[in-house]
Amino acid sequence: MLKRTKVAATLGPSASRPGELMQLVRAGADAFLLDLSQDDGSVWQERHEAVREVEGIAQQPITLLVDVPSAEGSAGGEVSITPNLVNWIADHEIDYVLISVSQGSHTVSEVRKVLAEAGSAAAVMARLDHASNYRDIDSIIQAADGVVVTGTGLSELETWSIPVMQKMVARQCQIGAKPCLVGRGILSNMLQSKEPSNGEVFDIANVVFDHADAILLGAETAVGSFPTQAVEVVSKTVIATESLMEITDRPIKVGFGQPPNTAALAYSIRHILKMQEIAAVGVYSHSSMTARLIAKNWIDCPVLGLSDLATTVRQMGVYHGVVSRQMKAPSTTAEMLTTTTSIAKTLGLVVPGDRMIVVSELPLRSTDNANAFVIETIT
Numbered sequence: 000m001l002k003r004t005k006v007a008a009t010l011g012p013s014a015s016r017p018g019e020l021m022q023l024v025r026a027g028a029d030a031f032l033l034d035l036s037q038d039d040g041s042v043w044q045e046r047h048e049a050v051r052e053v054e055g056i057a058q059q060p061i062t063l064l065v066d067v068p069s070a071e072g073s074a075g076g077e078v079s080i081t082p083n084l085v086n087w088i089a090d091h092e093i094d095y096v097l098i099s100v101s102q103g104s105h106t107v108s109e110v111r112k113v114l115a116e117a118g119s120a121a122a123v124m125a126r127l128d129h130a131s132n133y134r135d136i137d138s139i140i141q142a143a144d145g146v147v148v149t150g151t152g153l154s155e156l157e158t159w160s161i162p163v164m165q166k167m168v169a170r171q172c173q174i175g176a177k178p179c180l181v182g183r184g185i186l187s188n189m190l191q192s193k194e195p196s197n198g199e200v201f202d203i204a205n206v207v208f209d210h211a212d213a214i215l216l217g218a219e220t221a222v223g224s225f226p227t228q229a230v231e232v233v234s235k236t237v238i239a240t241e242s243l244m245e246i247t248d249r250p251i252k253v254g255f256g257q258p259p260n261t262a263a264l265a266y267s268i269r270h271i272l273k274m275q276e277i278a279a280v281g282v283y284s285h286s287s288m289t290a291r292l293i294a295k296n297w298i299d300c301p302v303l304g305l306s307d308l309a310t311t312v313r314q315m316g317v318y319h320g321v322v323s324r325q326m327k328a329p330s331t332t333a334e335m336l337t338t339t340t341s342i343a344k345t346l347g348l349v350v351p352g353d354r355m356i357v358v359s360e361l362p363l364r365s366t367d368n369a370n371a372f373v374i375e376t377i378t
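Following this line, the structure appears as structure tokens:
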């Protein structure tokens, strides 16, 4: 069964060399996190090269996130990231920058501006490290390209509200069509043990039930004694949970200024799947918006996200249920359909006789929202 909830593993002394990272990919890791508050540029460079080497060996896109420390700016106490970090990010293939948002959506806007000025195409994810973030969650989700629920932020809340807040954030991310990652030391028992506790396994399942997009492992893979086993536990628990999970019939009304036409198309695809047997949905676009909106409807089949842009392909790597691949930009609609179904067959998402929905932006190479789809029978 295809694992839909993604797994991100933090790099560190326990997992940083290509062979170690390949083991994590085989165990189910979809993305890696590089903590730029640790070590120095030479270590970051080695780990970045290791991730991209493994990406080539595995022949699948691997999402690379970087966690950056915040520094007080000189004007009005604004929070920013240092110029050295910005330049390093801009010089490397980084897909997401994780930043603590002490000033809410303002921090996100500031960091996005600084990265863009440096020439970085990295998306910005907000780490919810402060209790105040939960009061400002809607504006943060609207401003950011995703959020990360952290143990630091949850620990500042009243104890009995912690599980409710995690579920609320995941729900609001569905409405806002933004990825929600949960990274709060879920498998702390596996820092020194090959086996998780029963409570930790239940916790993983709850993240899946909450409709989060990905589980982020921190110390468990960075410095733990059993990084590969930790990824395996998360992957197997996710698959077991998803195999029994009932997809709710209540649709999510996408908000926060998401394109209404694309949202309506994604919603209509959900209902087509209730009326017809569809093996997969393929999406070709320059942006990741359409794949993200379809994924947020939690449709009951894999989504193949395709783009000619490597950055777009990698950013889709943390979207729930999306298998992303890079393809050459098609020159005609017929070429786009043929290539999409061919890639789907190669990946084992469809077999001859299956039906597949193929979505695209028209005209091709447009930056507009998706506005057309066809149902193809695989030959």
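Counted the way numbering that gives the first Met the number 0 counts, the sequence shown spans residues 0 to 378. All C-beta atoms, glycine included, are put in the ideal place defined by N, C-alpha and C. None of these values were measured; they are calculated from a predicted model.
With distances taken Cα to Cα, identify the nearest neighbour of residue i among the options.
i    : options                : result
P195 : F225, N205, V168, A213 : F225
L190 : A143, S101, T220       : T220
V24  : D34, T261, S41, E52    : E52
K5   : T311, S341, G320       : G320
K203 : E231, T227, G11, I374  : Lys is not the amino acid found at residue 203; the sequence shown has Ile there. The shortest Cα separation from I203 among E231, T227, G11, I374 belongs to E231.
A309 : L292, A294, V107, A328 : A328
I185 : K177, A121, L216       : L216
G55  : A26, M21, S36          : M21
G182 : E157, Q173, D212       : D212
V207 : A239, A265, G316       : A239
Y133 : E116, L153, A117       : L153
T332 : V358, E155, M164       : V358
L127 : A49, G103, A294        : G103
A263 : F372, S286, V42, I161  : F372
T376 : L336, S99, T345        : L336
P17  : E48, Q44, W43          : E48
Please return the same chain residues whose Cβ sits closer than 8 Å to the Cβ of residue i, not counting the five positions on each side in sequence.
i    : result
A279 : C300, P301, V302, L303, A343, L348, V349, D353, M355, I356
G75  : Since pLDDT at G75 reaches only 43, below the 50 mark, its modelled position is unreliable, and no value is offered.
A7   : A28, D29, A30, F31, L32, T62, L64, L180, G182, A213, I214, L215, L216, V317
T149 : R126, L127, D128, G182, R183
At which residues does the beta strand (DSSP E) containing residue i begin and terminate?
i    : result
Q59  : Q59 -> no beta strand (DSSP E), and no H or E assigned at all.
I298 : Neither: I298 is in no beta strand (DSSP E) and is coded neither H nor E.
G316 : Neither: G316 is in no beta strand (DSSP E) and is coded neither H nor E.
Mind checking who residue i pairs with in its DSSP beta bridge?
i    : result
Q228 : Answer is none; Q228 lacks a bridge partner.
Q412 : Since the first and last residues shown for the chain are 0 and 378, residue 412 lies out of range.
T9   : L32
V65  : L33, V96
M355 : A279, E375
I214 : V6, V181
A14  : G11
T149 : G182
For the alpha helix (DSSP H) containing residue i, list its first residue and its last residue.
i    : result
S267 : 259-274
A218 : 218-221
R25  : 17-26
N205 : 197-208
L84  : 82-89
T332 : 332-345
Q173 : 161-175
By Cβ distance, which residues of its chain are closer than 7 Å to residue i, with the 5 residues on each side in sequence left out?
i    : result
R46  : L10, S15, L33
Q171 : I136, D137, I140
T338 : M326, P329
A117 : V85, N86, A89
S234 : K2, V6, A26, G27
For residue i, I'd like the list of residues in its chain whose CB is within less than 6 Å of its CB, leaving aside the five on either flank, ordered along the chain.
i    : result
S119 : I88, A89
T311 : S287
Q58  : none
Quiz item: Which ranges would you report for the beta strand (DSSP E) in the stretch 97-147 if only whole runs of at least 3 residues count?
Solution: Scanning the stretch 97-147 for uninterrupted beta strand (DSSP E) segments of 3 residues or longer gives 122-127, listed from N- to C-terminal end.
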